[in-house]
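Q: Residue numbers (my numbering): 248 to 525.
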Ligand SMILES: [Zn+2]
């Protein structure tokens, strides 16, 4: 089995002062919340992150707290959640069988609850951090309640594409987890290949690809990162990888604008529209 299609959606947007993401000035700039969609050859779907849930998109303040929603400048409505976007493209949310978390900050895994058949694949180091680190305001304990759906994985000492550790998720060489420790203790990137295209979703390892050319990280990266040395080492690896593949940072709206937003061809799309699915 392999990947039939890879495309991307954004679950709402965030806003941040331009200087925070390495641009001049204090005016607001929009950030994407980019989720990878991998359609497998058996019609199952694997997501890279899940974005914000339907309930959060409908009312960010009530779901994640008014202060946090305002601080992050969350702009979303119910139809911006990943499940609703997939349904508009003709896919059923029940077809999502796995969600790979780049890390467990709430803007990446809050939407897991919208996918009743999905297991959440996360690095063991990240799951441990989620359980024990109390100083990281990005983690929201309410996001992971259904423990039977969580599959912790350990990356292997198998260098790949310049990354020190990796894991072949399906053992068919089509989806790999790559070590991007630094932003959080167990951050991973996800490499996904399909016919004629290859992407690495890097989560928040960098906030935009321009960050790769800065002397140090953007202010927002520096503010949030868990480990400075590991984050810098990871940035060096990403800088090299960017020469040969498309890196997809979660919140890079410029990169998101250039990504495929749906299946590559109509023949690749599922036949039954979501409204008629059981
Ligand atoms: Zn994030």
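Where a beta carbon is used, it is the ideal one built from N, C-alpha and C, also for glycine. Being a predicted model, the structure only gives us computed values, none of them experimental.
Quick check on DSSP: helix, strand or coil for residue 471?
A: Helix at residue 471.
Q: How close, in whole Å, do the beta carbons of residue 466 and residue 266 come, if the pair is a contact with beta carbons under 8 Å?
A: Contact flag correct, Cβ pair sits at about 6 Å.
Q: Considering just the uninterrupted stretch of the alpha helix (DSSP H) at residue 307, what are its terminal residues?
A: Residue 307 -> alpha helix (DSSP H) spans 307-311.
Q: For residue 387, which option in 299, 405, 456 has the closest C-alpha, if you only look at C-alpha atoms?
A: Closest by alpha carbon: 299.
Q: Should residue 487 go down as buried or exposed, given a rule of 16 or more other Cβ atoms within 10 Å for buried?
A: Label assigned to residue 487: exposed.
Q: In the DSSP output, what is residue 423 paired with across the bridge?
A: According to DSSP, which records beta bridges pairwise, residue 423 is partnered with 415, 438.
Q: Which partner residues of residue 322 appear in the DSSP bridge assignment?
A: Note: residue 322 sits in a beta bridge opposite 260.
Q: Since residue 500 and residue 431 are thought to touch, with beta carbons under 8 Å apart, how far apart are those beta carbons, to the nearest angstrom?
A: Going by Cβ atoms, the distance from residue 500 to residue 431 rounds to 22 Å, so no, they are not a contact pair.
Q: Kindly give me the distance between the Cβ atoms of residue 429 and residue 477, rounded to whole angstroms, as I take these residues to be in contact under 8 Å.
A: About 4 Å; that satisfies the 8 Å criterion.
Q: How about residue 455: is its Cβ closer than 8 Å to a heavy atom in ligand 1?
A: No; taking the cut-off as 8 Å, the Cβ of residue 455 has no heavy atom of ligand 1 nearer than that.
Q: Helix, strand or coil, according to DSSP, for residue 249 in the structure here?
A: Three-state DSSP puts residue 249 in coil, outside helix and strand.
Q: In terms of residues, what are the limits of the beta strand (DSSP E) holding residue 281?
A: 275-287 is the extent of the beta strand (DSSP E) around residue 281.
Q: Given residue 463, which residues of its chain have a CB within under 8 Å of its CB, disregarding the five upstream and five downstream residues?
A: 469, 479.
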